[in-house]
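Trainee: Structure incoming, see below.
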Amino acid sequence: MLNVALPKGRLGEKAYSIMAQAGYECPSLLEPNRKLTFENPETGVRYFWAKPSDVPIYVERGVADVGIAGKDILLEYEPEVYELLDLNIGKCRMCVAGPADFRDDQSRTLRVATKFPHIAKTYYSARGRDISIIKLNGSIEIAPILGLSDVIVDIVETGSTLLENDLAPLQEIFPISARFIANTVSYKFQYQEIRTMAEKLAALV
Amino acid sequence: MSERMRTPERAAAQLRQLYGGYGYAPFKVQKFERYDLYAEFRRFLESEQILTFTDTDGRLMAMKPDVTLSIVKDTLGGEMRKVFYHENVYREQRRGEGFKEIPQMGLECIGDLDAYSVGEVVMLAARSLEAISSRCILDVSHLGVVSGVLEGRVMTDEQRAAIFAAVAAKNTPALKQLCPDESLAEVLTALVSLYGPLGETLEKARIIPLPQKSRNALAQLEMLNRQLEIYGLDFVNLDFSVVNDVDYYDDVVFRGFVEGAAQGVLSGGRYDRLLQRMGKSGGAIGFAVYLDRLERVEQTGAEFDADVLILCPSDSDAALAAETAEAYRRSGKTVRVQRETPEQLRFRQIVKIENGEVTVC
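Taken in order, these protein sequences are the chains called L and E. Every letter in the first sequence is one number past the one before it in this note's numbering, and letter 15, counting from 1, is 15. Every letter in the second sequence is one number past the one before it in this note's numbering, and letter 235, counting from 1, is 235.
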């Protein structure tokens with residue numbers, strides 16, 4: 001039996017549909033109820049929904065043997081897991097964004113608002129730029145509008161939210177997509193099951 | 001009698017016996033070390049965070065984050081040392097968690113290393129895992145295989161580090177992006193996709209087109225495999241994703257896993273390059289067992305805090321309480337005596353002593 005952590009939300013639903021196509025369906029998952037875990041003994045999987053940023057934690061700590069997590073989360077938390085497959089879903093970009101006419105005054109500390117402090121710090125320290133990180137938990141776009149920060153580091157999907165607020169992506173940091181990850185110890189002890197799952201998924205993406 | 005020894009303690013006792021049996025001597029390392037040592041060899045450490053303080057003479061000192069450096073530092077070139085240690089080290093386990101005291105047990109073999117000693121140390125790593133749990137796996141690799149493939153390629157240090165990180169995470173999509181040409185990506189993908197019993201998997205690795213340096217490394221693994229077969233170890237796997245810092249390691253490396261622990265519990269390898277960097281001759285191989293990670297290997301925690309609780313509210317019954325408690329202890333039970341039932345503790349049995357009478361509840 002493999003424990004699978006799925007990220008709540010649209011990405012998780014897409015991910016489940018790929019899992020189901022690969023032969024790991026679990027119909028009870030889609031029924032409206034308050035259950036937290038969903039098991040299908042026939043296909044040998046037990047699913048549970050988790051907050052997307054928590055998926056790597058469940059997998060790293062071995063409560064989930066495998067899981068599906070965005071590359072953004074993996075780069076932010078750097079969990080010790082195997083990253084077995086790029087599922088090519090949930091595609092977007094990690095970007096620096098700010099006012100469309102933004103000019104970086106390099107003589108001042110750059111104020112950066114973000115949900116991803118580690119990624120922002122790594123990106124700017126590689127460029128030797130002095131920044132001050134403002135960690136926010138949501139509605140990041142509002143920060144430069146209200147003058148809380150100069151720029152933001154955030155995920156950009158279509159860019160329409162940015163556009164509506166007179167903001168624009170300024171630099172792309174890296175592309176993002178969903179990854180199939182595995183706990184390093186489960187990978188050893190349930191090698192056949194995890195390998196088979198990875199191969200069936202690989203055939204679909 | 002209720003089992004009071006938890007897995008980490010039991011393992012430590014068994015490992016001490018195991019290492020002693022092969023002629024490894026216990027070695028006590030000082031708790032503090034000059035900070036300079038770690039500043040110079042920072043990347044040898046698992047975590048770069050170091051707990052420092054100023055000594056009475058003004059020197060900057062560190063609480064040991066690692067034991068190997070201290071042992072190697074004190075080793076004279078040429079002399080053969082076989083030692084083991086059981087020490088606490090101080091480091092940050094996960095980002096943001098703060099410093100922790102981590103019990104660690106390890107073994108080092110330093111000096112004019114021969115093929116036999118390498119095999120012996122890998123075997124002892126495997127036997128250590130066996131002592132912890134019957135469900136265990138030792139993954140073995142040789143860094144020369146991957147670094148041989150990368151040798152002579154023009155790339156920046158960052159690129160090389162990124163490729164090693166992708167190898168460690170078995171991240172084949174990233175390998176495709178990072179490698180300057182397709183043939184390199186194919187070879188690395190083929191290597192990290194291999195996984196299985198050492199002997200069989202080495203056969204499969206031989207089919208992959210590899211440069212001479214990588215072939216030599218495979219030949220060394222084959223020699224190691226022949227020794228491990230003699231020791232009768234059937235849970236040793238080949239896994240090229242086992243990677244250690246190439247500035248210090250360029251030979252056999254290994255990781256140990258037991259079922260129930262979410263991360264590896266043993267890590268080791270041959271680190272001749274560290275000796276060279278310290279200006280010493282010879283070779284060295286060793287490993288560490290992370291005892292703190294064994295706490296959760298048992299499925300359940302202890303069910304009871306003691307077998308028997310003796311309640312003795314009155315001082316006049318003290319002698320009787322002592323007598324009753326001793327009688328239970330002689331029959332092999334653990335006993336706790338006090339006035340009233342403690343909250344939050346659990347006992348198999350409760351005995352009450354009142355007015356010179358013993359009642360079993």
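Glycine included, every Cβ here is placed at the ideal spot set by N, Cα and C.
Is residue 170(E) close to chain L, meaning its C-beta is less than 8 Å from at least one C-beta of that chain?
Mentor: Walking along the second sequence from the start, residue 170(E) turns up at place 170. So yes, residue 170(E) belongs to the interface.
Trainee: Return the bridge partner residues of residue 105(E) from the DSSP annotation.
Mentor: Residue numbering aside, residue 105(E) sits at position 105 when the second sequence is read from its first letter. Answer is 86(E) and 289(E), bridged to residue 105(E).
Trainee: Report the partner residues of residue 179(E) according to the DSSP bridge assignment.
Mentor: As a first step, residue 179(E) is located in the second sequence; it is residue number 179 there, counting from the start. Beta-bridge pairing links residue 179(E) to no other residue.
Trainee: Helix, strand or coil: how does DSSP classify residue 128(E) here?
Mentor: As a working note, residue 128(E) is residue 128 in the second sequence. It is helical.
Trainee: Please report the straight-line C-alpha distance between residue 121(L) and residue 97(L), rounded to a whole angstrom.
Mentor: Counting from 1 along the first sequence, the entry for residue 121(L) is found at position 121. Counting from 1 along the first sequence, the entry for residue 97(L) is found at position 97. Those two C-alpha atoms are separated by around 15 Å.
Trainee: Determine, using beta carbons only, whether residue 379(E) comes closer than 8 Å to chain L.
Mentor: Nothing can be reported for residue 379(E): it is not among the residues displayed for chain E, which extend from 1 to 361.
Trainee: Do residue 63(L) and residue 4(L) count as a contact pair if the criterion is CB distance below 8 Å?
Mentor: What you label residue 4(L) is simply residue 4 of the first sequence in a count that begins at 1. What you label residue 63(L) is simply residue 63 of the first sequence in a count that begins at 1. Against a cut-off of 8 Å, the Cβ pair of residue 63(L) and residue 4(L) comes out as no contact.
Trainee: Output yes if chain L places a C-beta closer than 8 Å to the C-beta of residue 137(E); else output no.
Mentor: Counting from 1 along the second sequence, the entry for residue 137(E) is found at position 137. So, interface residue.
Trainee: Have a look at residue 204(L) and residue 17(L) and give me their C-alpha separation to the nearest angstrom.
Mentor: Numbered from its first residue, the first sequence carries residue 204(L) at position 204. Numbered from its first residue, the first sequence carries residue 17(L) at position 17. Near 11 Å, if we compare the C-alpha coordinates of residue 17(L) and residue 204(L).
Trainee: Measuring straight from C-alpha to C-alpha, what distance separates residue 335(E) and residue 314(E)?
Mentor: As a first step, residue 335(E) must be located in the second sequence, where it is residue number 335. As a first step, residue 314(E) must be located in the second sequence, where it is residue number 314. C-alpha separation (whole angstroms): 18 Å.
Trainee: Residues of chain E with CB under 8 Å from residue 189(L), in chain order?
Mentor: As a position in the first sequence, residue 189(L) is number 189, starting the count at 1. In chain order: 135, 137, 257 and 259.
Trainee: I want to verify the contact list: residues of chain E whose CB lies under 7 Å from the CB of residue 215(L), in sequence order.
Mentor: Outside the displayed span of chain L (1 to 205) sits residue 215(L), for which this structure offers no information.
Trainee: Within its chain, find whatever has a CB closer than 6 Å to the CB of residue 182(L); leave out the 5 residues flanking it on each side and keep chain order.
Mentor: Your numbering for residue 182(L) matches position 182 in the first sequence. Cβ neighbours of residue 182(L) beyond the five flanking positions: 66, 82, 84 and 194.
Trainee: Let me confirm a value: residue 355(E) is counted as buried when at least 16 other C-beta atoms fall within 10 Å, else exposed. Which label applies?
Mentor: Sequence index remark: in the second sequence, residue 355(E) carries index 355 (1-based). By the neighbour-count rule (16 or more Cβ atoms within 10 Å), residue 355(E) is not buried but exposed.
Trainee: Could you say which of 352(E), 101(E) and 219(E) lies nearest to residue 309(E) if we only look at CA atoms?
Mentor: Taking the second sequence and counting its residues from 1, one reaches residue 309(E) at position 309. Of the candidates 352(E), 101(E) and 219(E), the one whose C-alpha sits nearest the C-alpha of residue 309(E) is 352(E).
Trainee: CB-CB under 6 Å to residue 179(E), same chain, minus the five flanking residues each way: which ones, in chain order?
Mentor: Working through the second sequence from its first residue, we reach residue 179(E) at position 179. Taken in chain order, the residues that qualify are 185.
Trainee: Is the CB of residue 37(L) under 8 Å away from at least one CB in chain E?
Mentor: By one-based count along the first sequence, residue 37(L) stands at place 37. So, not an interface residue.
Trainee: What is the rounded straight-line gap between the Cα of residue 286(E) and the Cα of residue 62(E)?
Mentor: Along the second sequence, one-based indexing puts residue 286(E) at 286. Along the second sequence, one-based indexing puts residue 62(E) at 62. Straight-line measurement puts the Cα of residue 62(E) at about 23 Å from the Cα of residue 286(E).
Trainee: Considering only the beta carbon of each residue, do residue 113(E) and residue 269(E) sit closer than 8 Å?
Mentor: What you label residue 113(E) is simply residue 113 of the second sequence in a count that begins at 1. What you label residue 269(E) is simply residue 269 of the second sequence in a count that begins at 1. No, they are not a contact pair.
Trainee: For a contact meaning CB atoms closer than 9 Å, what does residue 195(E) contact in chain L?
Mentor: For the purposes of this step, residue 195(E) is identified with residue 195 of the second sequence, where counting begins at 1. Result: 187, 188, 191 and 195.
Trainee: Taking Cβ-Cβ distances below 8 Å as the criterion, which residues of the region 49-61 of chain L are in contact with chain E?
Mentor: 60 and 61
Trainee: Taking a Cβ distance cut-off of 8 Å, strictly less, list which residues of the region 260-277 of chain E are near chain L, in chain order.
Mentor: Against chain L - using a Cβ distance shorter than 8 Å - the residues of the region 260-277 of chain E are 261, 262, 263 and 264.
Trainee: Give me, in chain order, the residues of the same chain whose beta-carbon lies closer than 7 Å to that of residue 36(L); leave out the 5 immediate sequence neighbours on both sides.
Mentor: The residue given as residue 36(L) occupies position 36 in the first sequence. Taken in chain order, the residues that qualify are 48.
Trainee: As a quick exercise: from 150(E), 259(E) and 12(E), pick the residue whose alpha carbon is nearest that of residue 235(E).
Mentor: In the second sequence, residue 235(E) corresponds to position 235, counting from 1. Here the closest residue by C-alpha is 259(E).
Trainee: State the DSSP-derived secondary structure class of residue 72(E), mapped to helix, strand or coil.
Mentor: Taking the second sequence and counting its residues from 1, the one referred to as residue 72(E) is at position 72. Note: residue 72(E) maps to helix in three-state DSSP.
Trainee: In chain A, which residues lie less than 8 Å from residue 80(L) when you measure between Cβ atoms?
Mentor: Absent from the structure: chain A. Protein chains present are L and E.
Trainee: Going by the DSSP bridge assignment, what does residue 147(L) pair with across the sheet?
Mentor: Within the first sequence, the letter at position 147 stands for residue 147(L). Looking at the DSSP assignment, residue 147(L) forms no beta bridge with any residue, so it has no partner.
Trainee: Measuring alpha carbon to alpha carbon, tell me which of 348(E), 295(E) and 26(E) ends up nearest residue 304(E).
Mentor: For the purposes of this step, residue 304(E) is identified with residue 304 of the second sequence, where counting begins at 1. Residue 304(E) has its Cα closest to that of 348(E), out of 348(E), 295(E) and 26(E).
Trainee: Quick check on DSSP: helix, strand or coil for residue 155(E)?
Mentor: Here residue 155(E) is taken as the residue at index 155 of the second sequence, counted from 1. Secondary structure at residue 155(E): coil, using DSSP grouped into helix, strand and coil.
Trainee: Which one of 180(L), 141(L), 177(L) and 147(L) has the shortest CA to CA distance from residue 165(L)?
Mentor: Against the first sequence, residue 165(L) aligns to sequence position 165. Of the listed residues, the one whose Cα sits closest to residue 165(L) is 141(L).
Trainee: DSSP three-state call for residue 139(E): helix, strand or coil?
Mentor: Locating residue 139(E) in the second sequence gives position 139, where the first residue counts as 1. If DSSP states are grouped into helix, strand and coil, residue 139(E) belongs with the strands.
Trainee: By alpha-carbon positions, which one of 247(E), 263(E), 267(E) and 261(E) ends up nearest to residue 253(E)?
Mentor: Residue mapping note: residue 253(E) aligns to position 253 of the second sequence, counting from 1. If we check each option's Cα against that of residue 253(E), 267(E) comes out closest.
Trainee: For residue 187(L), tell me which candidate among 152(E), 136(E), 202(E) and 151(E) has the shortest Cα-Cα distance.
Mentor: The residue you call residue 187(L) lines up with position 187 of the first sequence. Cα-wise, what sits closest to residue 187(L) is 136(E).
Trainee: Let me know the secondary structure DSSP gives residue 56(E) once reduced to three states.
Mentor: Working through the second sequence from its first residue, we reach residue 56(E) at position 56. Looking at residue 56(E) - three-state DSSP - the assignment turns out to be coil, as it is neither helix nor strand.
Trainee: Please return the same chain residues whose Cβ sits closer than 8 Å to the Cβ of residue 48(E), not counting the five positions on each side in sequence.
Mentor: Working through the second sequence from its first residue, we reach residue 48(E) at position 48. Cβ neighbours of residue 48(E) beyond the five flanking positions: 42.
Trainee: Using a Cβ-Cβ distance cut-off of 8 Å, determine whether residue 313(E) contacts chain L.
Mentor: Stepping through the second sequence from its first residue, residue 313(E) is reached at position 313. Answer no: the Cβ-Cβ gap between residue 313(E) and chain L never drops below 8 Å.
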